[in-house]
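Each protein sequence line maps, in turn, to chains F and H. Counted from 1, the first sequence has number 97 at position 94 by this note's numbering; the numbering is strictly sequential. Counted from 1, the second sequence has number 63 at position 39 by this note's numbering; the numbering is strictly sequential. Contents: one structure, followed by commentary.
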Amino acid sequence: MTEIGIAMDEKTLLKLWNEKRTQIITAQISPALVLIGVMTLAAYGKFSSASDSAKYLALGVAAVTGILAMISQYAAIREAEALIVDLTKLEKRTALASKIADSRGLLSLSAIAIVGMGLAIFALVTWAVLG
Amino acid sequence: MAIGIAIVGLYAVLAGVLIFKYEKPKKNRGKITGRGGDFES
Numbered sequence: 004m005t006e007i008g009i010a011m012d013e014k015t016l017l018k019l020w021n022e023k024r025t026q027i028i029t030a031q032i033s034p035a036l037v038l039i040g041v042m043t044l045a046a047y048g049k050f051s052s053a054s055d056s057a058k059y060l061a062l063g064v065a066a067v068t069g070i071l072a073m074i075s076q077y078a079a080i081r082e083a084e085a086l087i088v089d090l091t092k093l094e095k096r097t098a099l100a101s102k103i104a105d106s107r108g109l110l111s112l113s114a115i116a117i118v119g120m121g122l123a124i125f126a127l128v129t130w131a132v133l134g
Numbered sequence: 025m026a027i028g029i030a031i032v033g034l035y036a037v038l039a040g041v042l043i044f045k046y047e048k049p050k051k052n053r054g055k056i057t058g059r060g061g062d063f064e065s
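What follows is the structure, encoded as structure tokens:
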């Protein structure tokens, strides 16, 4: 068990790991719904005839939803990285815990990918809306 | 087109600021309540 303030055993850490993973997945739902709306309108060419206020509203909603989702996913990933550090300090681990503990590199890559892809998607949304 | 690039740039800066704030939070913040209700660390 780790002894950093409070003792956490493997079961607790795995439960937290699953919570972090769920947070990342649920954070993607609202931007996905917004993107569906923007994609549909853009595909039908509705933005070309829309007023400026409607275009900026669409961009604002996409930006706010995107940035909130990006930040919450980033925070969940960084906290999951700290959780992996605690997992690696356990003396005896199950195969599952060892597998998770070995995934730190992928996790770091995910944090970079979420920010990078979030910026890229917003750039594409801006292009689709403003033309 | 220029306004689009400016909006995306602003978005990138905002994302960068928020991530920086998460990574490097300011230490020794002032009390929130002003009535001694905050815990001292």
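Backbone N, C-alpha and C fix where the C-beta goes; we use that ideal spot for every residue, glycine too.
Can you list the residues of chain F that residue i reaches, using a CB-CB cut of under 7 Å?
| i | result |
| --- | --- |
| Val-32 (chain H) | Phe-125, Ala-126, Thr-129 |
Enumerate in chain order the residues of its own chain whose CB-to-CB distance from residue i is below 7 Å, with the five nearest sequence positions on each side excluded.
| i | result |
| --- | --- |
| Leu-44 (chain F) | Phe-50 |
| Thr-3 (chain F) | Since the first residue of chain F shown is 4 and the last is 134, residue 3 (chain F) is not available in this structure. |
| Glu-13 (chain F) | Leu-93, Arg-96, Thr-97, Ala-100 |
Which residues in chain H have a C-beta closer than 7 Å to the C-beta of residue i? List them in chain order.
| i | result |
| --- | --- |
| Met-73 (chain F) | Ala-39 |
| Ala-66 (chain F) | Tyr-35 |
| Leu-62 (chain F) | Ile-31 |
Based on Cα-Cα distance, which residue from the options lies nearest to residue i?
| i | options | result |
| --- | --- | --- |
| Ala-104 (chain F) | F:Arg-81, F:Asp-89, F:Val-118 | F:Asp-89 |
| Leu-34 (chain H) | F:Gly-63, F:Ala-35, F:Lys-58 | F:Gly-63 |
| Val-132 (chain F) | F:Ala-66, F:Lys-58, F:Ala-30, F:Ile-117 | F:Lys-58 |
| Ser-33 (chain F) | F:Ala-126, F:Leu-19, F:Ala-65, F:Leu-127 | F:Ala-65 |
| Glu-84 (chain F) | F:Lys-102, F:Arg-107, F:Glu-94 | F:Arg-107 |
| Ser-136 (chain F) | F:Arg-24, F:Ala-100, F:Leu-17 | Given that chain F is displayed from residue 4 to residue 134, the structure contains no residue 136 (chain F) and the question cannot be resolved. |
| Ile-27 (chain H) | F:Ala-46, F:Ala-100, F:Leu-109, F:Asp-55 | F:Asp-55 |
| Arg-81 (chain F) | F:Ala-123, F:Leu-112, F:Ile-39 | F:Leu-112 |
| Lys-18 (chain F) | F:Ile-87, F:Ala-116, F:Ala-126, F:Phe-125 | F:Ile-87 |
| Phe-134 (chain F) | F:Ala-72, F:Leu-16, F:Ala-46 | Note on residue identity: the sequence assigns Gly, not Phe, to residue 134 (chain F). Of F:Ala-72, F:Leu-16, F:Ala-46, the residue nearest in Cα terms is F:Ala-46. |
| Ile-70 (chain F) | H:Ile-43, H:Asn-52, H:Ala-30 | H:Ile-43 |
Show which residues of chain F have a CB atom less than 8 Å away from the CB atom of residue i.
| i | result |
| --- | --- |
| Ala-36 (chain H) | Leu-122 |
Suppose the cutoff is 8 Å on Cβ atoms and the five residues either side in sequence are ignored; what does the same chain contact list for residue i look like?
| i | result |
| --- | --- |
| Thr-129 (chain F) | Leu-62 |
| Leu-110 (chain F) | Ile-80, Ala-83, Glu-84, Ile-87 |
| Ile-117 (chain F) | Met-73, Gln-76, Tyr-77, Ile-80 |
Who are the neighbours of residue i on chain H, taking C-beta pairs under 8 Å?
| i | result |
| --- | --- |
| Val-118 (chain F) | Ala-39, Ile-43 |
| Leu-112 (chain F) | Within 8 Å Cβ-Cβ: nothing; Leu-112 (chain F) doesn't reach chain H, min ~16 Å. |
Residues of chain H with CB closer than 9 Å to the CB of residue i, please, in chain order.
| i | result |
| --- | --- |
| Leu-133 (chain F) | Met-25, Ile-27, Gly-28, Ile-31 |
Inset, instruction - Can you give me, in chain order, the residues of the segment 70–100 of chain F that have a beta carbon less than 8 Å from any beta carbon in chain H? - result: Ile-70, Met-73, Ile-74, Tyr-77, Ala-78, Arg-81
Inset, instruction - Could you run through the segment 28–39 of chain F and flag, in chain order, every residue whose CB is less than 8 Å away from some CB of chain H? - result: none
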